[in-house]
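Peer 1: Let me give you the structure first, and then I'll get to my questions.
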Amino acid sequence: MAIRSGRTGRVRWSPSGAGTPADLVEIISLNAWTLSLRTDFEEVTAFGDNNKVYIPGMRDISGTVGGFYNGSELALVRATEETEPGLLELSPNDIDGNLSGTPADLPMHYSGLAYLDCEINCSLAAPRITGNFRAAGSWTLPNQEVA
Amino acid sequence: MRLGSDATLLGLCPNGVYYQEAPEGAKQFVIVSLVEEHDEGTFEQRGFEDALYMVEARMASTAGGNIQAAAARIDALLEDVPIEAAGFHAMACFRESRLRMTEVDDADPSIRWFRRGGMYRVQVSLV
Chain A
5 MAIRSGRTGR
15 VRWSPSGAGT
25 PADLVEIISL
35 NAWTLSLRTD
45 FEEVTAFGDN
55 NKVYIPGMRD
65 ISGTVGGFYN
75 GSELALVRAT
85 EETEPGLLEL
95 SPNDIDGNLS
105 GTPADLPMHY
115 SGLAYLDCEI
125 NCSLAAPRIT
135 GNFRAAGSWT
145 LPNQEVA
Chain B
7 MRLGSDATLL
17 GLCPNGVYYQ
27 EAPEGAKQFV
37 IVSLVEEHDE
47 GTFEQRGFED
57 ALYMVEARMA
67 STAGGNIQAA
77 AARIDALLED
87 VPIEAAGFHA
97 MACFRESRLR
107 MTEVDDADPS
117 IRWFRRGGMY
127 RVQVSLV
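Residue numbers (our numbering), protein chains in the order written: chain A, 5 to 151; chain B, 7 to 133.
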């Protein structure tokens, strides 16, 4: 493993929420994604402690995808119409394999059911599109399953 | 291509349209120069190319001519008329700023060179 460029990253989406990689289609013209795994912490400081003490709560799965608005690629726009979650897959590059090795031909990725919304920002420059997602089920992270 | 094949512009600048450098002896011509260019990436490929060109008519004071009309013709040919190129999709072509200046000829100080045109932003998409 090494630090890789995100140039070969990708975002794939299946609005039907079907669970196989074959159902996923790359959303073109994107150049960024973020994934938040922030965890809520509950303070459990007690008498006698020398500092505040916390215990972790549930980990969040949410984030953004973004890039340039492309009139021939409306997957993000269509996703806002869905009433059922779709399957979202985020890959940081196409070089690193999935640590779990299953399936071996896929790059390392983070995936799971999600709801997406989107925002289009049009100015005199190239219009941009941004999508926000929230987990709608358990996600698969590299080398592990998120319960 | 668009500039070099336009009869009206060539009528105003009969020596022609050139990239970077005009031939010696030319007195009324158009020069196109690439000022800067950058590419905008998308995942797994180049998204689009964004270039700034300086496009200007140049005329020697001894040659006469209507440099104002030449600059206006350049603008009519380029402003909001996206550039079509094989392998690309046209995005935009527009003037970002106007150019107007006068220079003294290096060899003969009695000659002035009039320069008019603009800085044109050209954007073409690969996807």
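All C-beta atoms, glycine included, are put in the ideal place defined by N, C-alpha and C. Only a predicted model underlies this, so the values are computations on that prediction, with no experimental measurement involved.
1. Of all the options A/L39, A/L80, A/A36, A/R8, which has the alpha carbon lying nearest to the alpha carbon of A/L120?
2. Sort B/A98, B/F120, B/G123 by Cα distance to A/A129 and report the nearest one.
3. By Cβ distance below 7 Å, which residues in the same chain neighbour A/H113 in space, the five residues on each side in sequence not counted?
4. I need the straight-line Cα distance from A/A26 to A/R16, nearest angstrom please.
5. To the nearest angstrom, report how far apart B/A91 and B/M65 are at their CA atoms.
6. Which value, in whole angstroms, describes the spacing of the CA atoms of B/D81 and B/G70?
7. Using the Cα positions of B/P115 and B/V130, report the straight-line distance between them to the nearest angstrom.
8. Report the neighbours of A/A130 on chain B: residues whose CB is nearer than 9 Å to its CB, in chain order.
9. Which residue from A/A83, A/E86, A/A6, A/G70 puts its Cα closest to that of A/L39?
10. Nearest to B/I37 by alpha carbon, out of B/A78, B/L132, B/V128, B/R122?
11. Does DSSP put B/P20 in a helix, in a strand, or in coil?
12. Give the list of continuous alpha helix (DSSP H) stretches no shorter than 4 residues that lie fully inside the segment 18–91 of chain B.
Peer 2: According to the structure shown:
1. Of A/L39, A/L80, A/A36, A/R8, the residue nearest in Cα terms is A/L80.
2. B/A98
3. E93, L94, S95, N102
4. 10 Å
5. 29 Å
6. 21 Å
7. 42 Å
8. E46, G53, F54, D56, M97, A98, Q129, S131
9. Looking at the Cα atoms, A/G70 is the closest of the given residues.
10. B/R122
11. Note: B/P20 maps to coil in three-state DSSP.
12. 73–84
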